[in-house]
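Letter by letter, the sequence shown follows residues 644 to 881 of my numbering.
Let me begin by presenting the structure, written as structure tokens, before commenting on it.
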Amino acid sequence: MDDRPPVTVLTRTASSRAVESIGWRYLLGTLSTSVVVRSLGEASRVATDVVAECGEDSDGHLRIDLRPDRVELSLRDRDAGGVTELDVELARRISATASGIGVATGGATSNESSRPVQMLEMAIDALDIASVRPFWKAVLAYIDEPGRDDPARGIVDPAGQLPSIWFQQMDAPRVQRNRVHFDITVSHDEAEARVRAALGANGVLVSDSNARAFWVLADVEGNEVCVCTWTDRDERGW
644 MDDRPPVTVL TRTASSRAVE SIGWRYLLGT LSTSVVVRSL GEASRVATDV VAECGEDSDG
704 HLRIDLRPDR VELSLRDRDA GGVTELDVEL ARRISATASG IGVATGGATS NESSRPVQML
764 EMAIDALDIA SVRPFWKAVL AYIDEPGRDD PARGIVDPAG QLPSIWFQQM DAPRVQRNRV
824 HFDITVSHDE AEARVRAALG ANGVLVSDSN ARAFWVLADV EGNEVCVCTW TDRDERGW
């Protein structure tokens with residue numbers, strides 16, 4: 644008999660609170676962490692132990708990126724399209740396994756890592772989303788984002804390597820402004836430092852009216868990027 648809890652996607656707030664103390668962060672419907680290693684061989688050994696700990700749940704939830712200096716781990720129920728109680732349980736087990744072999748899950752902020760955990764999205768503004776969306780699916784070999792109630796929105800790389808794309812509805816044609824922008828999602832405790840760093844590198848603050856959910860920044864020629872977190876989105880119904 645399967646006595647695991649039913650598959651229910653957790654809120655952003657619940658997901659973040661459940662794992663923050665063990666070095667994981669919630670990013671775009673995913674739990675993410677990083678483990679510092681000294682070689683690709685050590686990275687491989689960490690990955691082997693993590694997969695063994697997750698067992699048969701690895702295939703449906705876990706992704707691993709091995710580098711000579713770090714192992715990046717992410718958890719997400721790929722069928723449900725978000726974080727579930729099982730993902731939280733797996734994160735706790737992975738952190739315990741990492742501790743047992745002398746490494747730690749973390750890397751959430753620039754104080755901890757030269758490249759904190761983060762995820763990139765691309766946003767395309769469109770007057771007729773239904774018309775442009777098939778083009779982007781075809782040219783990038785993307786698929787519909789699992790678990791989304793509105794299929795007109797997100798498309799994703801089925802291999803999980805390239806950034807996801809979402810489509811923002813425009814009400815009227817727009818001139819003198821780019822219509823494709825990046826959304827860089829970072830941990831909630833990294834966002835303000837990232838904004839300060841960007842502004843210190845000749846960036847321009849376009850708007851902080853929706854902070855702490857996102858800040859709109861631009862380079863000196865007006866090309867925009869949003870620095871995003873999960874924070875305040877549950878309360879606003881986003």
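Heads up, the beta-carbon is just placed ideally off N, CA and C, and yes, glycines get one too.
Just so we're clear, the structure is a prediction, and the values are computed from it rather than from any experiment.
Hey, is the region 676-683 in contact with the region 693-712, meaning 3+ C-beta pairs nearer than 8 Å?
Touching, per the Cβ criterion.
Taking only three categories from DSSP, how would you classify GLY750?
Reduced to three states, the DSSP call for GLY750 is coil.
Which of helix, strand or coil does DSSP assign to MET644?
Because the pLDDT at MET644 is just 47, under 50, the model does not fix this residue reliably, and the point stays unresolved.
Limits of the unbroken beta strand (DSSP E) element including LEU705:
Here the beta strand (DSSP E) through LEU705 covers 705-709.
Return yes when at least one heavy atom of the ligand NAD lies under 6 Å from the C-beta of VAL746, else no.
Judged by which ligands are present, the structure shown has none, so any question about the ligand NAD falls away.
In whole angstroms, what separates the C-alpha of GLU728 from that of LEU653?
Here the alpha carbons of LEU653 and GLU728 stand approximately 7 Å from one another.
To the nearest angstrom, report how far apart THR676 and SER757 are at their CA atoms.
Distance between the alpha carbons of THR676 and SER757: 14 Å.
Mapping the DSSP letters down to three states, classify ASP875 as helix, strand or coil.
DSSP places ASP875 in the coil class of the three-state scheme, outside both helix and strand.
What do you get for LEU770, buried or exposed, if any count of 16 or more other CB atoms within 10 angstroms of its CB means buried?
Classification of LEU770: exposed, given that the 10 Å Cβ count is below 16.
I want to know whether the region 777-796 touches the region 841-852 - three or more CB-CB distances under 8 Å.
No, the region 777-796 does not touch the region 841-852.
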